[in-house]
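Residue numbering for the sequence shown follows my numbering, starting at 642 and increasing by one per position. Positions of the beta carbon are idealized from the N, C-alpha and C atoms, including for glycine.
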Amino acid sequence: MEAARVHTRSTASRLDRGQLVLLGLLLALAGLAWLVTDDRMGGMDSAPGMELGSLGFYLTVWVVMMAAMMFPSVAPTVLMYERLRAGHRERGQGAAPDATALFVGGYLLVWTVAGLVAYGVLEVVREIDPPFLAWDEAGRYVTAGVIAAAAVYQVTPLKQACLVKCRSPMMFLAERWRQGRAGGLELGARHGAWCLGCCWALMAALFAVGLMSLGWMALIAVFIAAEKLLPWPATARWSVALLLLALAFGIAISPGDVPGFTEPMMGSL
Numbered sequence: 642m643e644a645a646r647v648h649t650r651s652t653a654s655r656l657d658r659g660q661l662v663l664l665g666l667l668l669a670l671a672g673l674a675w676l677v678t679d680d681r682m683g684g685m686d687s688a689p690g691m692e693l694g695s696l697g698f699y700l701t702v703w704v705v706m707m708a709a710m711m712f713p714s715v716a717p718t719v720l721m722y723e724r725l726r727a728g729h730r731e732r733g734q735g736a737a738p739d740a741t742a743l744f745v746g747g748y749l750l751v752w753t754v755a756g757l758v759a760y761g762v763l764e765v766v767r768e769i770d771p772p773f774l775a776w777d778e779a780g781r782y783v784t785a786g787v788i789a790a791a792a793v794y795q796v797t798p799l800k801q802a803c804l805v806k807c808r809s810p811m812m813f814l815a816e817r818w819r820q821g822r823a824g825g826l827e828l829g830a831r832h833g834a835w836c837l838g839c840c841w842a843l844m845a846a847l848f849a850v851g852l853m854s855l856g857w858m859a860l861i862a863v864f865i866a867a868e869k870l871l872p873w874p875a876t877a878r879w880s881v882a883l884l885l886l887a888l889a890f891g892i893a894i895s896p897g898d899v900p901g902f903t904e905p906m907m908g909s910l
């Protein structure tokens, strides 16, 4: 009996060390992604309506951006998946350790598809080139409107429901658990879908102010982390909503006075 207790404590200790290593790896990858993003964006002017470049360039930047912005916030869910996976595997029911990498891959896959949809929509709008989107016409108000809409979404029941799923990884994973590598990929994609439902409006606000700005990226990443990690989700949601409304108001009234905001050239958006 004593030997069994010692074995249990040893197993728990290994899991704890493994989770610390996994957490360190996720944070290290996020840090590396920030460095790569900074390098890829070097010298680029970031403003509303800026050209996103070729599809290949945009896609590589977008995926790295998602890793930089999302890995810190999604880390608790990844750690919970790894703990449950390891527990199932000890009982002969789980997948190999690479299932955790597939979980992360499924999560990124959802955000990759979302990024491709956004790229397609923006390219269609650019092709149509409606005159009212010019910055000296209604461009600033459209930009402010997108950010204000993101603020309103912050306090909707749908936002709250998605955030609950993101903040409760144990409940989500226990309800939807799937075995094996394919199960890891599926669970990662499912969690990515909930995360997309939670954060799509914040990403729309990032597109509105200028996607290729490290400063705006960092601000939106802080908003996401605050909502998902702080112990006061309602306070975080409302605080982010108020900050977004203030930003929208500033851009609509006096965009040149908004810190870090770059106005497009007149006649363009």
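Roughly how many angstroms lie between the CA atoms of residue i and residue j, to the nearest whole one?
i           : j           : result
residue 746 : residue 829 : 7 Å
residue 793 : residue 737 : 43 Å
residue 669 : residue 713 : 10 Å
residue 643 : residue 875 : Residue confidence for residue 643 is low, a pLDDT of 39 falling below 50, so the modelled location carries little weight and cannot support an answer.
residue 858 : residue 852 : 7 Å
residue 729 : residue 696 : 41 Å
residue 769 : residue 661 : 50 Å
Run through DSSP, which three-state label would residue i get?
i           : result
residue 657 : helix
residue 682 : coil
residue 853 : coil
residue 741 : helix
residue 797 : coil
residue 649 : In this predicted model, residue 649 has a pLDDT of only 36, less than 50, meaning its place in the structure is not dependable; the value taken from the coordinates is given anyway. Here residue 649 sits in helix by DSSP.
residue 873 : coil
residue 821 : helix
residue 898 : helix
residue 692 : coil
Starting from the Cα of residue i, find the closest Cα among the options and give me that residue.
i           : options               : result
residue 760 : 849, 782, 721 and 825 : 849
residue 810 : 775, 744 and 845      : 744
residue 758 : 659, 667 and 700      : 700
residue 708 : 843, 667 and 775      : 667
residue 844 : 827, 864 and 826      : 864
Skipping 5 residues on each side, what residues in its chain have a beta carbon closer than 6 Å to that of residue i?
i           : result
residue 723 : 663 and 741
residue 785 : 889, 892 and 893
residue 800 : 794
Taking the CB atoms as reference points, tell me whether residue i and residue j lie closer together than 8 Å.
i           : j           : result
residue 705 : residue 677 : yes
residue 789 : residue 886 : yes
residue 856 : residue 901 : yes
residue 739 : residue 831 : no
residue 675 : residue 796 : no
residue 872 : residue 689 : no
residue 860 : residue 721 : no
residue 895 : residue 687 : no
Leaving out five residues on either side along the sequence, give the residues of the same chain with a beta carbon under 8 Å from the beta carbon of residue i.
i           : result
residue 866 : 713 and 714
residue 834 : 751
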